[in-house]
Every structure is written in C-alpha cells, then in structure tokens.
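Trainee:
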Amino acid sequence: MKEFKPLFEDCTLSPLYIAGPCSAESREQLLSAAEGVSRAGVGIFRAGVWKPRTKPGSFEGMGAEALEWLKEAKERYALRIVTEVATPEHLELALKAGVDGVWIGARTTTNPFATQQIADALHGVDTAVLIKNPVIPDVDLWIGAIERIYNSGIRRIAAVHRGFGTHHATLYRNDPHWSVPIELQRLMPSITLISDPSHIGGRRDLVAPLSQQALDLGFSGLMVECHPTPDMALSDASQQITPEVFSEVIAGLKWRRTPADNGILAQHRMHIDTIDSRIVELLAERMEVAREIGEHKRQHGMAIVQRDRFNEVLKSAEARAEFMGLSRSFIHTIITAIHEESVRQQSEINGDN
Ligand code: PEP
Ligand code: MN
Numbered sequence: 002m003k004e005f006k007p008l009f010e011d012c013t014l015s016p017l018y019i020a021g022p023c024s025a026e027s028r029e030q031l032l033s034a035a036e037g038v039s040r041a042g043v044g045i046f047r048a049g050v051w052k053p054r055t056k057p058g059s060f061e062g063m064g065a066e067a068l069e070w071l072k073e074a075k076e077r078y079a080l081r082i083v084t085e086v087a088t089p090e091h092l093e094l095a096l097k098a099g100v101d102g103v104w105i106g107a108r109t110t111t112n113p114f115a116t117q118q119i120a121d122a123l124h125g126v127d128t129a130v131l132i133k134n135p136v137i138p139d140v141d142l143w144i145g146a147i148e149r150i151y152n153s154g155i156r157r158i159a160a161v162h163r164g165f166g167t168h169h170a171t172l173y174r175n176d177p178h179w180s181v182p183i184e185l186q187r188l189m190p191s192i193t194l195i196s197d198p199s200h201i202g203g204r205r206d207l208v209a210p211l212s213q214q215a216l217d218l219g220f221s222g223l224m225v226e227c228h229p230t231p232d233m234a235l236s237d238a239s240q241q242i243t244p245e246v247f248s249e250v251i252a253g254l255k256w257r258r259t260p261a262d263n264g265i266l267a268q269h270r271m272h273i274d275t276i277d278s279r280i281v282e283l284l285a286e287r288m289e290v291a292r293e294i295g296e297h298k299r300q301h302g303m304a305i306v307q308r309d310r311f312n313e314v315l316k317s318a319e320a321r322a323e324f325m326g327l328s329r330s331f332i333h334t335i336i337t338a339i340h341e342e343s344v345r346q347q348s349e350i351n352g353d354n
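Positions in the sequence shown are counted from 1; adding 1 to them yields the numbering used here.
(1) Looking at the secondary structure, which residues open and close the alpha helix (DSSP H) in which residue 211 lies?
(2) In whole angstroms, what is the alpha-carbon distance linking residue 262 and residue 22?
(3) What residue from 276, 17, 206 has the CA that sits closest to residue 160's CA?
(4) Within its chain, find whatever has a CB closer than 8 Å to the CB of residue 329; leave out the 5 residues flanking it on each side and keep chain order.
(5) On the CB-based measure, 16 or more other CB atoms within 10 Å of its CB, does residue 170 come out buried or exposed?
(6) Give me the Cα-Cα distance between residue 29 and residue 231, rounded to the nearest whole angstrom.
(7) Is it buried or exposed, residue 196, if we count other Cβ atoms within 10 angstroms and call 16 or more buried?
(8) According to DSSP, is residue 378 part of a helix, a strand, or is it coil?
(9) Do the segment 283-292 and the segment 66-73 touch if we need at least three Cβ pairs shorter than 8 Å?
(10) Quick check on residue 191: buried or exposed, where buried means 16 or more other Cβ atoms within 10 Å of its Cβ?
(11) Is any heavy atom in ligand 1 found nearer than 7 Å to the beta carbon of residue 56?
(12) In its own chain, which residues sit with a C-beta less than 6 Å from the C-beta of residue 102, not counting the 5 before and 5 after it?
(13) Residue 235 by DSSP, collapsed to three states: which one?
(14) Quick one: Cα of residue 176 to Cα of residue 141, how far?
(15) Since I believe residue 145 is in contact with residue 113 (beta carbons under 8 Å), could you give me their beta-carbon distance rounded to a whole number of angstroms?
(16) Going by C-alpha to C-alpha distance, which of 56, 54, 96, 43 sits closest to residue 68?
(17) Go through the residues and name those whose CB comes closer than 5 Å to any heavy atom of ligand 1, in chain order.
(18) For residue 323, verify whether its CB is less than 7 Å away from any heavy atom of ligand 2.
(19) So is the beta-carbon of residue 239 under 7 Å away from any non-hydrogen atom of ligand 2?
(20) Could you tell me if residue 158 is buried or exposed, where buried requires 16 or more neighbouring beta carbons within 10 angstroms of its beta carbon?
(21) Going along the chain, which residues of its own chain have a beta-carbon closer than 7 Å to the beta-carbon of residue 350, five neighbours each way excluded?
(22) Going straight from the alpha carbon of residue 226 to that of residue 348, what length do you get?
(23) Only counting the same chain, and skipping five residues up and downstream in sequence, which positions put a Cβ closer than 8 Å to that of residue 272?
(24) Write down every uninterrupted run of the beta strand (DSSP E) in the segment 8-61 whose length is 3 residues or greater and which is fully enclosed by it, in chain order.
(25) State the Cα-Cα distance for the pair residue 307 and residue 333, rounded to the nearest angstrom.
(26) Considering only the alpha carbon of each residue, which of 24, 218, 81, 108 lies closest to residue 11?
(27) Bridge partners for residue 102 per DSSP, in chain order?
(28) Taking DSSP as the reference, what is the three-state secondary structure of residue 5?
(29) Take residue 256 and list the residues in its own chain whose beta-carbon comes closer than 8 Å to its own, dropping the five residues that flank it on each side.
What follows is the structure in structure tokens.
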C-alpha cells in the first residue's frame, strides 16, 4: 500500500484551499490575484504559466517570464505557490523560481510517456506534486500517473479531481463521474484528494454547489480558479470567480469533520444521484434523436411505429441486460416505457395530438 504525506507538513488543516487565476497574465493581475487570495485566508496560490490549450492561437500563457511574478507574489504575500508543468524543462524552470509545488495537468496525466518524463526529472527533488485526473474516466490511468511520480521518491502527492471530457451534453464542462475519485480514494486511502470545481463546472455558479458536493464525499480540499476581474480573464473566464466571492463560498461551506459517520452512505447516495442525472440526460438525448427521426418520418409520410424495428431494439436491450446481470423483464418494462414516450413525441411532430 502506498503511503502519502500531506502536501505541506504544516498544512494538515482540512479542508485545504488552493486558489488563484487560471493563468498568470501580467505582473499586476498576478499580484492583485495573490493579494485577494491571501486576504481570503487561503495559503496556497495557483497560477498557470504554460497553458495547454485545445487549439493553437489561444492564449498559451506568459511562460517563464511569469515565474518571476509568482516569486514576487510568494514573497510579498507569504503564499505557497503552485504551477502547472508539462515537461522536464517546465519543471526545472519552476523549481528554480522557488515554487512550492507543481501540478500535472489532465492532458499530461493522460499520456504515460509525458508523465514518466516528469517523474524522471523529479528524482531526488523534494516538492509537492498535484496530479489532475486524466481527461478520460479511467482510474487506472490516474493511478498509473500517481505511481510514476511516487516511484520517483515524491511522497507529498495530491490527486486533483477536475472531471472528465464527454461527448454528450451535460450541465458540466467536465463530467464529474464521482465514482472515479471515490474509487481512487478507496485504493489509495492516504492520498490527499482535492476537487477542482472550476474545471468540472466550467461556470461560476457551479463552484459553490460542486465544492459542497466534494466535501460531502470526503474530499480533503478544493482548488478554485480566482481572478481579480474574471470577465477579463484570458483563459477560462466563465468559470473564474473573484477571491472575495471565493471567500463567501468558503464561508457557506459545511465541513463535516467526521465523514466516517455517514461518509460511506453519503458517498453511495451521491453516486446514485450522479447516475440518476446521467440517466435523465441520456433519456433527453434519446428523445432528441427520436424527434429527429419523427421529423424524417413526417417528411417521408412514414408510419410512426415500425413494429420490426421496435422488436429488434427490445431484443438487443434484453440480451445486453442479461449479460450485465439485469433481469430481462425489468429492461423490457423500461424500454417499452421509453418507446411509448418516443412514439408520443413523434406523434406530436406529426400533429396527431
Ligand atoms: C488548469 O488548472 O488551469 C488546467 C489547465 O487544468 P486541467 O489540466 O485540469 O484542464
Ligand atoms: Mn483553467
């Protein structure tokens, strides 16, 4: 069993808060963010210097120059500083600038070669390392990245849950798939598990509820993007909040100090709630497709109910259900109800109702 240490020895307080802008944009912006974060009582300051962007041409961070501003923020406001590293060169520069910790971003965690390179460069180094979840909901890939870093001798490790990319529309920018961090915590009970509600939600108004949800699930800390003027942020503007708002969020959070009392039950319930939301989202997606089919049928004068097609759908769902250990009759009932609703919606399109 891997034994982890707290990120910072004197920071065993729970929850652990990390806040700061998505990106370091200018000296003024960074120092102003740092001042706000320190005023909010948060001791660990984050800022991205090299930004992994989906498309070229977007703001890719200010690079090494910004490390000087981070250094200044650290000295001026007595903050601990963490930044993202994606290559051994980033790591070397960040350590040279005196950062207290680094985080490995979701895209890097997804790539074992990249993670291994950073792990190799961490040999003999004493720093804190935060490892974000990979972009796909694969707990083994996440654990693999943690093990690579652990094997290089680092013990001050935290896992940061920032949600998972998804192709279907959900309320979130990155689907939380709470079962993945919960499984990680089960397999690595001594790891510090931190939630990043900013990247999960992608929206300011989701920071507070997602933070509470994470604490209820037994997470030990939060990493939140805070910018002095969020609307003007050069990256992730829609999810950043001011340090003042974060301080209000913190004040509103309920920290249940003994999650063990009902922790397991709360975790299972939260898991069930997440699955139920997924079911509703999938049903909405299915009805959307059904309505498109309804439109096609209307244009081509086709009958709405195609008996053979429905029998096929039913047969394959029942076979799959059986394979997955569910009863055929249960799935028969569900699929029939879904089909009835599809038919009702298609009739509406045809003006039959
Ligand atoms: C970030 O924290 O700004 C970031 C780029 O995160 P992620 O790797 O989770 O997308
Ligand atoms: Mn960001």
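From the three backbone atoms N, C-alpha and C, an ideal C-beta is built for every residue, glycine too.
Mentor: Once the coordinates are examined:
(1) 208-217
(2) Bear in mind that the predicted position of residue 262 carries a pLDDT of just 49, short of 50, making it unreliable; the figure below should be weighed with that in mind. Each residue's alpha carbon lies about 35 Å from the other.
(3) 17
(4) 319, 322, 323
(5) exposed
(6) 14 Å
(7) buried
(8) With the chain running from 2 to 354 in the structure shown, residue 378 is simply not present.
(9) no
(10) exposed
(11) no
(12) 83, 128, 129
(13) coil
(14) 18 Å
(15) 6 Å
(16) 96
(17) 23, 49, 106, 107, 133, 163, 200
(18) no
(19) no
(20) buried
(21) 292, 295, 296, 299
(22) 47 Å
(23) 179, 180, 183
(24) 17-21, 45-47
(25) 17 Å
(26) 81
(27) 83, 129
(28) coil
(29) 15, 16, 216
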